[in-house]
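Inspection log for the structure reproduced underneath, given as structure tokens.
2 protein chains.
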Amino acid sequence: MTFARPPTIRDVADRAGVSIGTASNVLNRKPQVGGALREKVLEAAQELGWRPNSIARSLRQRRTGVVGLCVPLTGSAYFAAMVEAFEEVAAVQGHAIMQVLSHSDPQLELARVEMLLARQIDGLVLVPCAMPARTLEAIARSGVPTVVVDRLPDDQRFDTVTLDDAGVMRRVTGHLLSLGHRRVLYTVQHPELVTTQARIQSFEATMREAGPAARSRVLARPENPLAYAGDLGRVLTEAEPPTAIIASNSILAQWTLQALTGSGWRWPADISVFAFDEPAWAELVTPPLTCVRQPVQAIARHAWQQLLARLAGETGPRRHVVLEAELVLRSSTAAPAGTSEPIAY
Amino acid sequence: MTFARPPTIRDVADRAGVSIGTASNVLNRKPQVGGALREKVLEAAQELGWRPNSIARSLRQRRTGVVGLCVPLTGSAYFAAMVEAFEEVAAVQGHAIMQVLSHSDPQLELARVEMLLARQIDGLVLVPCAMPARTLEAIARSGVPTVVVDRLPDDQRFDTVTLDDAGVMRRVTGHLLSLGHRRVLYTVQHPELVTTQARIQSFEATMREAGPAARSRVLARPENPLAYAGDLGRVLTEAEPPTAIIASNSILAQWTLQALTGSGWRWPADISVFAFDEPAWAELVTPPLTCVRQPVQAIARHAWQQLLARLAGETGPRRHVVLEAELVLRSSTAAPAGTSEPIAY
DNA sequence: TACTCTAAATGAAACGGTTCATTGCGGCTA
DNA sequence: TAGCCGCAATGAACCGTTTCATTTAGAGTA
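As they're listed, the protein sequences go chains Y and S. Each residue of the first sequence is one higher than the last, beginning at 1 in my numbering. Each residue of the second sequence is one higher than the last, beginning at 1 in my numbering.
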């Protein structure tokens, strides 16, 4: 018994009694093809259960219809939503997405992106990790159309879609200040990220403007929920503890609420909590969480549109889209216990 | 100016002054290759920045190193965790994953899977939707090694990794019964799923065993949180309302808690809540959520192992792995208000 | 009928690798 | 020195499509 191999277009052509080229023309809906043969070819393909081999097609056409997507992780609500949004927009025109995770590690990121490039992706969407120089270098050399998302606002080699980190942080901080907070803690996982740095800078500048009593503080690089709870506990039992916490993503928000609950602190009575990202559970905790709703769908839409333009051959100068985030004020922020004079913001 | 194309192995061979075959041998670490030429080839590849073209390689070798993964959606904590677990195990041996979403729609599922098959995936992991007959037919005909996960326990054409739905539902129901509940509501999104049917059957059987006073009820196919809240409100204001709710996944759990909060119901005081899946926020709501922790990593591990075995050519009979889930008892379940006699379970 | 013109169908050359039968060469043995 | 052997390197076939220059057939015209 011969081993059954999937039928090729040659098998279809033979069965229909036409040449390979003709079969190909029929199966690709090219106009120049007669009625009678057309039927026979389609019928033959049907009978044999022929399925095009995209690999062979891609090799010849030099395009795969696959777009790479590299994100640091999918555990955060923000990236999870982003991945989903890209799946959505990609499916529309029949593109497939090949997704890889960098785990925020530059070496892993480079390796994964190299893999994607070797697989001849048509385009790439990258959310870079903190030290992406080598990755970016490899991408730039490859010439694959790429949109850098969320981080790295000003590299002139790439189109970018980013958020106005400084602006949104100014509004977040301003909100807390206007409630009367003067000692605020910002907790972050990756202080090296340009995004984080922009936020920290904006945070500290805004706090400084609030006068000499204002004290800003940053807690960086917690390893896990337990260690984080310990750190937080130490900071909150100091002489003049912060009266508000800003968590830089939904994971830290979760860790924060867990740590507070674990130690018997209540929000916003004991301490206000403001979170970046809008996790699914923002309205389920009591009281519900005040947070920054980042425009995930808009990011995906802009990035995809830009990528499609490049894939279509657009060669103009790099575009840099900057989007605004929305503050969703719920009840986890309030005036601090011994309230000082509020300032308008 | 000629348009710069990425260098091919032919360019490398030319520059090193060797034949294409030799270059290929060097670059694939084949043993039969001399020291001097080896150096020259590697150097040439380095200088040109040569990167293998996986498409060409895949065409010749008839394997792509890509495994398809088709899940209904990633919005539920369960599937999100599953996708992440597969990313993890796949990266170990250098496989890439191409993930598609069926949105629980048989036609979409078929189309997406056909796309994966056309792309010559080496293997497939499928979480089928409710009516997967045509999809399964296509997969079976293609001969691509496939593991069916989570649903469809008994199709003899495929290896499967599933959960003991009936068993876990018996334990869940038993827990509620033993707390004294006699009127229980089970809410599901897709009643057609074999998984759901197994659970419903087990749920109703277990309730029936509890005596004539026990009343089981199923609420199926809510469209959105708002409609669901309406349905729930109606059921809970009837003459003899349920005293406990079982939500079949993390999305319905979220909708449930939202609906209860919105109407001013408290859990477990007014009604107990038991959820399938363990969302990140299970411990953040107050009181924390009692739920079923499904063994996602174990599912991924078993499925992957089975797939690798088939890829390695194993041809034995189909394997069917059934895993147990774990009940995580927290505080969203308690004895109902006007408690009847508890039964041991 | 001969000729031109058009459109449909053909066949072969890519695409960029891997693989394998064959060649060539150097050393070893008789 | 002839013959043999083994290994390194070669070159061509192959993977399954698309694409395009060429051939063929058929219709229309003079």
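Cβ atoms here follow ideal geometry from the backbone N, Cα and C, with glycine treated the same way.
Whole-angstrom C-beta distance between VAL66/S and VAL83/S, which should lie under 8 Å
VAL83/S to VAL66/S, Cβ: 15 Å. No contact.
If you run the structure through DSSP and keep just helix, strand and coil, what is ALA325/S?
coil
MET131/Y by DSSP, collapsed to three states: which one?
coil
Measure the C-alpha to C-alpha separation of PRO242/Y and ASP270/Y and round it to an integer number of angstroms.
10 Å
Using 7 Å as the threshold, is the C-beta distance between ALA210/S and LEU177/S below it?
yes
Length of the line joining the Cα atoms of GLU87/S and ARG60/Y
30 Å
From the DSSP output, in three-state form, read off ALA280/Y for me.
Note: ALA280/Y maps to coil in three-state DSSP.
Would you kindly work out how many angstroms separate the C-alpha atoms of LEU124/Y and VAL147/Y, rounded to a whole number?
6 Å
Please list, in chain order, the chain S residues whose beta carbon lies closer than 8 Å to that of LEU284/Y.
GLN254, LEU257, GLN258, THR261, TRP281, LEU284 and VAL285
Which residues share a DSSP beta bridge with TYR186/Y?
Its beta-bridge partners are VAL218/Y and ILE246/Y.
Would you mind stating whether PHE274/S and ILE246/S have Cβ atoms separated by less than 7 Å?
yes
Interface residues of chain S around GLU223/Y at Cβ under 9 Å?
Using a Cβ-Cβ cut-off of 9 Å, GLU223/Y is close to nothing in chain S; its nearest Cβ partner there is about 18 Å away.
If you check the beta carbons only, do GLN258/Y and PRO225/Y fall under 7 Å apart?
yes
So is ARG119/S in contact with chain Y if we call contact Cβ pairs under 7 Å?
yes
Quick one: grab the DSSP three-state call for PHE158/S.
In the three-state scheme derived from DSSP, where H, G and I count as helix and E and B as strand, PHE158/S is classed as coil.
Counted within 10 angstroms of its Cβ, other Cβ atoms place THR64/Y as buried (16 or more) or exposed
buried
Give a yes or no on whether 7 Å exceeds the smallest Cβ distance from LEU59/Y to chain S.
Interface residue, yes.
Between the alpha carbons of VAL144/Y and GLN120/Y, how many angstroms are there, rounded?
9 Å
Figure out for me which residue from ARG62/Y, ALA56/Y, ALA23/Y and ASP277/Y has the closest Cα to the Cα of GLN46/Y.
ALA23/Y
Apply the 10 Å Cβ neighbour rule to PRO317/S and answer buried if 16 or more other Cβ atoms are within range, or exposed otherwise.
PRO317/S is exposed by the Cβ-count criterion.
So, is the C-beta of MET1/Y closer than 7 Å to a C-beta in chain S?
For MET1/Y, the pLDDT reaches just 42, beneath the cut-off of 50, and the residue's location in the model is therefore unreliable, leaving the point undetermined.
Since ILE9/Y and TRP50/Y should fall inside the 8 Å C-beta cutoff, what is the C-beta to C-beta distance between them, to a whole number of angstroms?
7 Å
Expressed to the nearest angstrom, what Euclidean distance is found between the alpha-carbon atoms of LEU237/Y and TRP265/Y?
In the sequence as presented, Leu is not what sits at residue 237/Y; that position holds Thr. Distance between the alpha carbons of THR237/Y and TRP265/Y is about 11 Å.
Identify every residue that forms a DSSP beta bridge with ALA96/Y.
In DSSP, ALA96/Y forms a bridge with VAL66/Y.
Give every residue of the same chain whose Cβ lies closer than 7 Å to the Cβ of TYR228/S, excluding the five residues on either side of it in the sequence, and list them in chain order.
PRO222, TRP255 and ALA259
Relative to the C-alpha of ALA334/S, which candidate in ASP11/S, SER272/S, GLN294/S and PRO295/S has its C-alpha closest?
SER272/S
Mapping the DSSP letters down to three states, classify PRO342/S as helix, strand or coil.
Here the model assigns PRO342/S a pLDDT of 49, short of 50, so the residue's position is not dependable, and the following value carries that caveat. Coil at PRO342/S, not helix or strand.
Taking C-beta pairs closer than 7 Å, name the residues in chain S that ALA56/Y reaches, listed in chain order.
LEU59
What does the alpha-carbon distance come out to for the pair HIS302/S and ALA81/S?
15 Å
Do the region 189-209 of chain S and the region 165-174 of chain S make contact, defined as three or more Cβ pairs closer than 8 Å?
yes
I want to know whether the region 276-293 of chain Y touches the region 320-327 of chain Y - three or more CB-CB distances under 8 Å.
yes
Taking the C-alpha atoms as reference points, what is the distance between ALA52/Y and ARG5/Y?
The amino acid at residue 52/Y is misidentified as Ala; the sequence shows Pro. When rounded, the distance between both Cα atoms is 13 Å.
Identify the residues that DSSP records as bridge partners of GLY313/Y: which are they?
Answer is none; GLY313/Y lacks a bridge partner.
Counting only beta-carbon separations shorter than 7 Å, does LEU101/Y have a partner in chain S?
With 7 Å as the cut-off, LEU101/Y counts as an interface residue toward chain S.
Could you say which of LEU117/Y, SER142/Y, ARG151/Y and ALA118/Y lies nearest to PRO132/Y if we only look at CA atoms?
ARG151/Y
Contact residues within the region 80-104 of chain S, judged by C-beta distance below 7 Å to chain Y
ALA80, GLU84, GLU87, ALA96, MET98, GLN99 and LEU101
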